[in-house]
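Taking it in order: structure first as structure tokens, then the write-up.
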Amino acid sequence: MEKKTFGFPKAEHLKSKTIIDKLYSEGQSVAAFPLRAVFLPLEKYDEKQPHATILINVAKKRFRHAVDRNLIKRRIREAYRLNKQPFINELERMKTKMAVAILYIDNNHSSTAILQKRMTKLLASILEKRQKQCNSSL
RNA sequence: ACAGUCGGACGGUCUGUCGCCGUUGCCUGUAAUAUUGGUAAAGGAGGAAAGUCCGGGCAGCACAGAGCAUUCCACUUCCUAACAGAAAGCUGUCAGCGAUGGCAGAGUAAUGCAGAAGAAAAUAACCGCCUCUUUGUGGGGUAAGGGUGAGAAGGUGGGGUAAGAGCCCACCAGACGUGCAGUGAUGUACGUGCUGUGUGUCUUGGAAGCUGCAAGUUCAUGUAAACCGGUGCUUGAGGGUUGCUCGCCCGAGCCGGAGGGUAGAACGCUUUAGCCGUAUAGUGAUAUGCGGAAUAGAUGAAUGACAGACACCCUAUAUGGGUACAGAACCCGGCUUAUAGACCGACUGCUUUU
RNA sequence: GGAGAGGUGGCAGAGUGGUCGAUUGCACCGGUCUUGAAAACCGACGUACUGAGAGGUACCGGGGGUUCGAAUCCCUCCCUCUCCG
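At position 117 of the first sequence the residue is numbered 127 (the working numbering), and the sequence of numbers has no breaks.
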């Protein structure tokens, strides 16, 4: 059963309200302007679940019109979709499942090229922080 | 031609790469039409999807009846499922040379109020004018003139008079009555001297049960039909009855405290008061008949990202720049607001041109 | 998505057709008291334009309308907050 490398199916969307609440209250954050990620490793390790579930959020305060918010969300989604593979592989190696919220923290639009660059950096820094934590806890 | 007014209709297209959503077919898989994964096909935002300002459909709850309140609408006729909307008209007023556009318009029988200013805000006499006279800081007449005000007893001119006044006359504005035209608002002719402004209460006619798809229905998960206090069980606790009252109905629980569980799924969910074409009726909104096409239904929320080409616009050329407003959340009918560009039809013309 | 509530000096908060550019409290400024400060008391106190000054005009989220007259009533746009299974 080969999984697609660039897909972003429904199972990878973060939907559960309980996990989201927990994520925002207990999760840790990492920034790579204009993006910010809040992430939380999950306690249960379920084989059927994907390794990372993602939530993308653009604040209404920053962009009043729905058209603008949709455009940014779509660009972020594309950036994640095209650059997620190294991140997923690493999580698979570490045997962790993770919930991640990606927030947009700028008041201006950003081009797709910039977002893609920033996305790779963001995902790398999440892994770095997670790695440190594991080491220190051991 | 140019400038403008009104109405209608449109609001990018194609190719490639990588994705998302539900539908259908096939394969996988199964006890099974469930579930999982794969694959193919044809689809996948708007004229305003927006604001949520009105009106419905739909859903749940409520609804014996009576009275009293409350809110909204208001020129006329007409359309509609309905409306505070649309259509065709009427009157007044403002803007424009004009086509045309904006705004206002139920009634006044009764009754209340009108700050400041002003003599007085409606049985009007401050100044002024005229007159009488017992010459007093007096009596009477007078709404033409002054000043105040949004508004001062319809307006202008003439006659008339002591001075004046619809007191009389002409013209103008309104009201009422009659005739004529019109379904009607209203217009028009004649007659009657009938004539202050604004705004409440009120009157007349019409409408309104409440809550909204987070409505509501079903399933899953999970426990606690447990514990403490108060009150009640036909001598009626408590509840429903639309805002209130009467009256009526239900009938064994109800209120408070401290705590426990779930925050998932499915249905509702898209085929209609809808759209297109055409014929007939109507000035028109619209109605009726016939024929035709139909594929968004997501739910931390899909309908895209990137690259290229074309098309259109701007600038003197392009190698340059630009292509609006804006994203469905149960569904429709309107209104309002935002909007680059561009098309069709009808009409208007002051200063313009032929 | 739907349903409501509100916007007034620097801040809070009254005013619901006429006396209102605006009452009250806090803050700010000046004075009294004190060696000094606080508290208390007294006084003054919005912004812009205009004017020598006295004063005048405009402003109650923005823009229209009704009215003789609007913070108040009506329409429309903007912003803020609350509620829902």
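Ideal placement from N, C-alpha and C gives every residue a C-beta, glycine not left out. Since this is a predicted model, take the numbers as computed values, not measurements.
So what's residue i in DSSP terms, helix, strand or just coil?
i	result
F97	helix
P19	coil
E12	Interpretation of E12 is limited by its pLDDT of 37, a score under 50 that renders its predicted location unreliable; the figure taken from the coordinates is listed afterwards. Three-state result, E12: coil.
A41	strand
S135	helix
R84	helix
I115	coil
A123	helix
A109	strand
A62	strand
L24	coil
R103	helix
Rank the options by C-alpha distance to the C-alpha of residue i and give the top, closest one.
i	options	result
A41	E138, N80, K71, I82	E138
S135	D31, I82, Y34, L101	L101
N93	K107, K70, T122, H75	T122
L125	F97, T106, R91, K32	R91
L52	R128, N145, K107, F43	K107
R128	Y34, R79, P44, E22	P44
A21	T15, R46, A109, Q59	Q59
V110	F16, A47, T15	A47
Who are residue i's beta bridge partners in DSSP?
i	result
L50	A109
V68	Y114
Would you grab the beta carbon distance between residue i and residue j for me? Rounded to a whole angstrom, and I think it's under 8 Å.
i	j	result
F49	G37	6 Å
I30	A62	The Cβ separation is near 15 Å, so there is no contact.
Does the stretch 62–71 come within contact of the stretch 110–123, defined as at least 3 CB pairs closer than 8 Å?
-> Counting C-beta pairs with one atom in each stretch, the stretch 62–71 and the stretch 110–123 have three or more that are closer than 8 Å, which means they touch.
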